[in-house]
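Asks:
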Amino acid sequence: MLAEKPVLWITRKLSDNTMARARASYDVIDNPEDRTFTADEIVAMSAKADAILPCHSEVFDAGVTARLSDRVRIIANHSVGVDHCDLPALKARGIAVTNTPDVLSDATAEIAILLMLGAARRASEGERLIRAGQWTDWSPSFMVGRQVTGKRFGVLGMGRVGRVAAMRARGFGMEIHYHNRNPVEGADGAIYHGDVEEFLSVCDVLSIHCPATDTTRGLLNRERLELLPADAIVVNTARGAIVDDDALIDALKRGRIFAAGLDVFNGEPRIHHGYASLENVFLLPHIGSATTQTRDAMGFRALDNLDAFFAGQDPGDRVA
Ligand code: DGY
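Note that my numbering has the sequence shown beginning at -10, numbered continuously upward.
Okay, structure coming up:
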C-alpha cells in the first residue's frame, strides 16, 4: 500500500460490509444517494480518483475512456459483465480493468431457475390475477402451464453461471445441451452443439448465459427464434443485448414459443414497452446477483483486485 491511501471512487451504494472494508484501505468517495452518473460526470469525477469501483450502470465506452483523467489507474468492476467497458480502449490508455467472476454464479443460476419455472407455470400471470381480485374459481382447465421435468435445458454459454444453472436443471431430470465456441472441460455429460442453429432446435428451455460481445449481440433474432421447438421457453439472465426484443415479443404474441423469463433487457431500466402487456413473460428487474451474501462477495472480490493492484501485484481478475 502507498503511504497515503489511494482515492477510490465507488460509484454506487454497495453493501455496508463492502463500504466498511473499502474505507479501511482507501480514501473513499461514495454515493450514499445511489444516483447514476452521466458520461460528463464520470469524466469529471475521474480527475479526483486513483481508482474507480463502478457497476455495469457506469459506461466506459471509447468516448468516455478517451476523456478519463490520467489519474485513474484501475477500474475494478463490481460485476462479472464488462460490456459497459471498452476494454481495448481502456487498455490502450494503460488503465487496468477487473471484474468479479465466480462469486455470483450461484445467485444468478437460482434466478435462471426461478425464471424458467415462473415462465413455465405462468407464475406472474397467476400472481397478478390474485392481486387484482380476479381469481373467481378453480378449474382443471385453469392456468395450465408446461412441465420442465425431463425436458431439454439448453445453455447458451457454458461458463461459470451456465454450469451452475445446468447443475440445478439436472435436479429436474433435464437433459443438458449447450452451445459454446468450443466444447468445455467438465461439462458433466452435457451434449455439445458447435452449430448454434442445431443447438436451438433442441432447446425446450433456452437459458442464456453468454456475455454480450460483438459475436453474441442480437444472436437470438427472428430467424433463430423460429428454430426453437414449439412451446419453448426462453430465459435470459445474461444481457438483454443478446436478444432482439421485437422478434421475441412477436414470437411470444404469436404463441410461437410458450413463454419467456427475463431478468435483463436492452436499454434497462427503460425496457421495450411491448413486454409489459404480454401475459406469457415473467419479468424481473436485473436481480440475478442481488442477494446479501453475493453483494458482499462481489464487493470483496472487487476490493481484492484493488488491493492486489495497489500492492504492485497482478489482480486475479484482470480483463484488460
Ligand atoms: C454482472 O455482474 O454482470 C451483473 O449483471 C450485475 O452487474
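Backbone N, C-alpha and C define an ideal beta-carbon position, used for all residues, glycine too. Because the structure is a prediction, the values reported are computed rather than measured.
Would you call the segment 50 to 58 in contact with the segment 69 to 88, where contact means no fewer than 3 C-beta pairs closer than 8 Å?
Replies: Flag = yes, the segment 50 to 58 and the segment 69 to 88 touch.
Asks: Which one of 141, 179, 32 has the shortest CA to CA distance from residue 190?
Replies: Translated into positions along the sequence shown, residue 190 becomes position 201. Of the candidates 141, 179, 32, the one whose C-alpha sits nearest the C-alpha of residue 190 is 141.
Asks: Can at least three beta-carbon pairs, one atom from the segment 180 to 195 and one from the segment 83 to 92, be found at a separation below 8 Å?
Replies: Judged by Cβ distances under 8 Å, the segment 180 to 195 makes no contact with the segment 83 to 92, as fewer than three pairs qualify.
Asks: Pull the bridge partners of residue 76 from the DSSP assignment, please.
Replies: Translated into the one-based positions of the sequence shown, residue 76 becomes position 87. Residue 76 pairs with nothing; no bridge assigned.
Asks: When you compare only the Cα positions, how much space is there between residue 276 and residue 99?
Replies: Locating residue 276 in the sequence shown gives position 287, where the first residue counts as 1. Locating residue 99 in the sequence shown gives position 110, where the first residue counts as 1. Straight-line Cα distance between these residues: approximately 11 Å.
Asks: Have a look at 206, 63, 23 and flag the residue whose alpha-carbon is nearest the alpha-carbon of residue 36.
Replies: Taking the first residue of the sequence shown as 1, we reach residue 36 at position 47. Ranking 206, 63, 23 by Cα distance to residue 36 puts 63 first.
Asks: Considering only DSSP beta bridges, list what residue 143 is partnered with.
Replies: Here residue 143 refers to the residue found at position 154 of the sequence shown. Per DSSP, 166, 195.
Asks: So is the beta-carbon of residue 104 under 8 Å away from any non-hydrogen atom of the ligand DGY?
Replies: On the sequence shown, position 115 is the one that residue 104 refers to. No, the beta carbon of residue 104 sits no closer than 8 Å to any heavy atom of the ligand DGY.
Asks: Which of helix, strand or coil does DSSP assign to residue 235?
Replies: As a working note, residue 235 is residue 246 in the sequence shown. If DSSP states are grouped into helix, strand and coil, residue 235 belongs with the helices.
Asks: Is it the case that the CB of residue 89 approaches a heavy atom of the ligand DGY more closely than 8 Å?
Replies: Here residue 89 refers to the residue found at position 100 of the sequence shown. Yes, the beta carbon of residue 89 sits closer than 8 Å to at least one heavy atom of the ligand DGY.
Asks: Suppose the cutoff is 6 Å on Cβ atoms and the five residues either side in sequence are ignored; what does the same chain contact list for residue 150 look like?
Replies: Here residue 150 refers to the residue found at position 161 of the sequence shown. Contacts found: 94, 97, 98, 198.
Asks: Where in the segment 84 to 115 do unbroken runs of the alpha helix (DSSP H), each at least 4 residues long, occur, reported from the N-terminal end onward?
Replies: Whole alpha helix (DSSP H) segments, 4+ residues: 94 to 109.
Asks: For residue -2, which residues in the same chain have their Cβ closer than 6 Å to its Cβ, ignoring the five residues on either side in sequence?
Replies: Numbered from its first residue, the sequence shown carries residue -2 at position 9. Taken in chain order, the residues that qualify are 18, 34, 38, 41.
Asks: Here's the rule: buried if 16 or more other CB atoms are within 10 angstroms of the residue's CB, otherwise exposed. What is residue 130?
Replies: Position 141 of the sequence shown, counted from the start, is the residue given in the question as residue 130. Exposed, by the Cβ-count rule.
Asks: On the criterion of 16 or more Cβ atoms from any shown chain inside 10 Å, does residue 262 qualify as buried, or is it exposed?
Replies: Looking up residue 262 in the sequence shown gives position 273. By the neighbour-count rule (16 or more Cβ atoms within 10 Å), residue 262 is not buried but exposed.
Asks: Please report how far the alpha carbon of residue 166 lies from the alpha carbon of residue 46, in whole angstroms.
Replies: Position 177 of the sequence shown, counting from 1, holds the residue named residue 166. Position 57 of the sequence shown, counting from 1, holds the residue named residue 46. Looking at the two C-alpha atoms, the distance is approximately 32 Å.
Asks: Tell me residue 40's beta-bridge partners as DSSP assigns them.
Replies: The count along the sequence shown starts at 1 and reaches residue 40 at position 51. Note: residue 40 sits in a beta bridge opposite -3, 63.
Asks: I need the DSSP call for residue 305, collapsed to helix, strand or coil.
Replies: By 1-based counting over the sequence shown, the position of residue 305 is 316. If DSSP states are grouped into helix, strand and coil, residue 305 belongs with coil.
Asks: Nearest to residue -7 by CA position, among 118, 15, 7, is which residue?
Replies: Locating residue -7 in the sequence shown gives position 4, counting from the first residue. The shortest Cα separation from residue -7 among 118, 15, 7 belongs to 15.
Asks: Please return the same chain residues whose Cβ sits closer than 6 Å to the Cβ of residue 124, not counting the five positions on each side in sequence.
Replies: Taking the sequence shown and counting its residues from 1, the one referred to as residue 124 is at position 135. Result list for residue 124: 118, in chain order.
Asks: Is residue -10 helix, strand or coil by DSSP?
Replies: Translated into the one-based positions of the sequence shown, residue -10 becomes position 1. Its pLDDT being 49, under 50, residue -10 is placed unreliably by the model, and nothing is read from it.
Asks: In the DSSP assignment, find the unbroken alpha helix (DSSP H) run with residue 272 in it and report its ends.
Replies: Numbered from its first residue, the sequence shown carries residue 272 at position 283. Premise fails: residue 272 lies in the beta strand (DSSP E), 270 to 272, not in any alpha helix (DSSP H).
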